[in-house]
Structures are given as structure tokens and as C-alpha cells.
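Anchor point for the sequence shown: position 125 equals 1079 in our numbering, and the numbering is continuous, going up by one each time.
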Amino acid sequence: MSRIGKAPISVPSGVDIKVDGQTITVKGPKGELTQDLPAPISVSIEDNTITVNRPDDHRDNRSLHGLSRSLVNNMVVGVTEGYVQKMEIFGVGYRVVAKGKDLEFALGYSHPVPIAAPDGITFAVEGATKFSISGIDKQQVGQIAANIKRLRKHDPYKGKGIRYEGEQVRRKVGKTGK
């Protein structure tokens, strides 16, 4: 049995869970999330714990078991605590500015790069080179962070670019002159 999949999920107080066929809806103090689970996977709720079950030990069902449990757990954590991804900008003249709910980046291009905040995502600027992305959906927060990072990937020679806070960038040595 999957070690991740067999672990029960504890439901904190204030979180309401509804299962309708293969669709699970989690509602909490920060919002509501809905997820469709794969066909062979079933969910049962007993005494403020959620268990994710699979019908047999077929290879596909084993892989979907752990995935489904992680998705449901991410939903429970998201509606109670939320997710935050902090990011940093390195480089001369590189900066970020809040424009209402959206962000505007100066990344060395001939034009500023605007990023609109989708529903459920909030941006917070903590200085000219630090900002954070927060929301209740872990997948959406991570995808927005990856899209922003892709605007200016870190340079291995000078270390310029956008990166996650605390991310270690492998630096390369430039070529030596004669």
C-alpha cells in the first residue's frame, strides 16, 4: 500500500468537506476548493478524518492513490492556512512595483512587464526586489511563481534574474583571458 496514500488526513475545526461522486469540495475560513478525483479512487470521511482508498493494488491505482491523498491534503491546508511563495529579484535596475492588485516588473527589457493577479491570488511587494505570491490553491500559486520566474531566468555567470527565496543558484566561472 502507498505510504503517502494510506495516511489519514485530519480535518481541523471550521473546515467543511463534501463528497459528491468523484468530486470533493473543501470549504474553510480562507475559501473553497473543488477537485475531481480519478475514477478508481474513493474518499471516506469518519470522525474528522479523511481516508483515501483504492480498489486494488494495480500499478495505476497505486500511483493515483498517493496523488489523490496529496491533492486532498493540499486542499485542506490551503483553505485553513493558505500558501505563500516568496521570490527575490537580483540584478542592477531589476525591480518590482505594485500597481493596484497587479505587479509590474522592470527586468532590463525596453518595456515594463505587467503581471495581472488571477482570481484567488494576491501579490505583496516587500521592497524593490522582494515580493510574495499567496493564495489557497497550491498548484495555482506554484504555477504563477514559475511563470514569473520564467520572465528572467537566473544567469549562471552573474546571478541576475528572478528566483525563489533561499534558492541556491549554481554559479559558473567565466572564461579566462589569454
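We treat Cβ as the ideally placed atom computed from N, Cα and C, and that holds for glycine. Note that the coordinates shown come from a computational prediction; the quantities given were computed from them, not determined experimentally.
Listed in chain order, the beta strand (DSSP E) elements of length 3 or more contained wholly in the region 971 to 1054 are 977 to 982, 985 to 990, 996 to 1000, 1003 to 1007, 1037 to 1044 and 1049 to 1053.
Approximately 5 Å separates the beta-carbon atoms of T1076 and S1088; this is inside 8 Å, confirming the contact. For S1064, no pairing in a beta bridge is given by DSSP. If you check the CB distance, T1034 and G1074 do not come in under 9 Å. Taking every protein chain shown into account, the CB of V1127 has fewer than 16 other CB atoms within 10 angstroms, so this residue is exposed.
Inclusion of T1003 and P962 in the CB contact set at 9 Å is warranted, their separation being smaller than that value. Here D1056 is exposed, its C-beta having fewer than 16 other C-beta atoms within 10 Å. With contacts defined by Cβ atoms closer than 9 Å, K1114 and R1125 do not form a contacting pair. Residue environment analysis places R1104 among the exposed positions, since fewer than 16 neighbouring C-beta atoms fall within 10 angstroms of its C-beta.
Annotated as distal: V980 and V1006, with beta-carbon spacing of 9 Å or more. Closest in alpha carbon position to I958, among V965, S964, K984 and R1023, is R1023. About 6 Å separates the beta carbon of L987 from that of I1090, a gap short enough to meet the 8 Å contact definition.
At a Cβ-Cβ threshold of 9 Å, K1040 and S996 do not count as neighbours.
Secondary structure note for A1100: its alpha helix (DSSP H) is the uninterrupted segment K1092 to L1105. Between H1108 and F1059, the C-beta spacing is not below 9 Å.
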